[in-house]
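When you line the sequence shown up against the numbering used here, it's residues -5 to 179, in that order.
Glycine included, every Cβ here is placed at the ideal spot set by N, Cα and C.
All remarks here apply to the structure that follows.
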Amino acid sequence: MPDHDFFLRPLTSRDLPKVRELHTKILPVQYPTAFFIQLLVLPTRACFVAYRRSHPTVPIAFISAAIRQPLSSHQCFILGSSEGRPSNKSFLPHLEILTLGVLPPYQKRGLARRLFQRMLDSLRESCPTNFLQGTLVYANVATCNTEALKFYERMGMAISSEVIRNLYRTLSYGSRDGYMVVGVL
């Protein structure tokens, strides 16, 4: 699918019912209405939705994330050093990918990569931190979701945890266990 065949835009209240329905179709975990409302109203949350130009009201993909607020006007989030105090290299903005999904007919066409990059760009636009050292990006992924694990690896992330048992408690079938994937991008 050429780039000009689809477009990305931030979630709006008008999109909410269809994006919630899309989440339900794609993801095995059910999210409450409050999750989607938070994506609209909290300044630390963001959601981008992809649409085909020929069907601009039917979402085909999404990404949602928590953008961590700056601790001051000069930094976004502090990672402690090994001594328990921050070091100059510890000041990295943080981005937690909450959900990411693409309808099967549109997978493997670069849409997830574009959504991921747009979310990363959104953080960089909103945070005054110097980005020369990169951005810490992390997400939870079900252990059985090999496609997602491969995607995050292609994006420069790696599994950074042991198996997190029963991470997906609301999942009614399949593996409830997960990994945390992390990268500095």
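Rounded to a whole number of angstroms, what is the C-alpha to C-alpha distance between residue i and residue j?
| i | j | result |
| --- | --- | --- |
| Val96 | Ser154 | 24 Å |
| Asp9 | Pro87 | 28 Å |
| Leu105 | Ala55 | 8 Å |
| Lys83 | Tyr173 | Confidence at Lys83 is low in this model, with a pLDDT of 36, below 50, so the placement of that residue should be treated as unreliable; the coordinate-derived value is given next. Lys83 and Tyr173: Cα-Cα distance of roughly 25 Å. |
| Pro22 | Glu119 | 32 Å |
| Asp115 | Leu2 | 13 Å |
| Asp(-1) | Ser48 | 8 Å |
| Gln111 | Tyr146 | 12 Å |
| Ile31 | Met113 | 18 Å |
Let me make sure I understand the geometry here. Which of the options has the alpha-carbon closest to that of residue i?
| i | options | result |
| --- | --- | --- |
| Ala40 | Ser58, Phe1 and Tyr25 | Ser58 |
| Val35 | Cys138, Pro4, Glu147 and Tyr162 | Pro4 |
| Gln24 | Glu15, Arg159 and Arg46 | Glu15 |
| Arg148 | Pro37, Lys102 and Arg159 | Lys102 |
Given residue i, which residues of its chain have a CB within under 7 Å of its CB, disregarding the five upstream and five downstream residues?
| i | result |
| --- | --- |
| Leu117 | Ile61, Pro87, Leu89 and Thr129 |
| Leu92 | Ser58, Ala59 and Ala60 |
Opposite residue i in the DSSP bridges: which residues?
| i | result |
| --- | --- |
| Cys218 | Residue 218 falls outside the range modelled here, since the chain spans only -5 to 179, and no answer is possible. |
| His17 | According to DSSP, His17 bridges with nothing at all. |
| Ala40 | Ala59 |
Report the CB separation of residue i from residue j in whole angstroms; it is logged as a contact under 8 Å.
| i | j | result |
| --- | --- | --- |
| Tyr162 | Ala136 | 6 Å |
Ignore the nearest five residues each way along the sequence and tell me which others in residue i's own chain have a CB closer than 6 Å to its CB.
| i | result |
| --- | --- |
| Pro50 | none |
| Val178 | Gly128 and Leu130 |
| His68 | Bear in mind that the predicted position of His68 carries a pLDDT of just 42, short of 50, making it unreliable; the figure below should be weighed with that in mind. Counting only Cβ-Cβ distances below 6 Å, and skipping sequence neighbours, we find nothing. |
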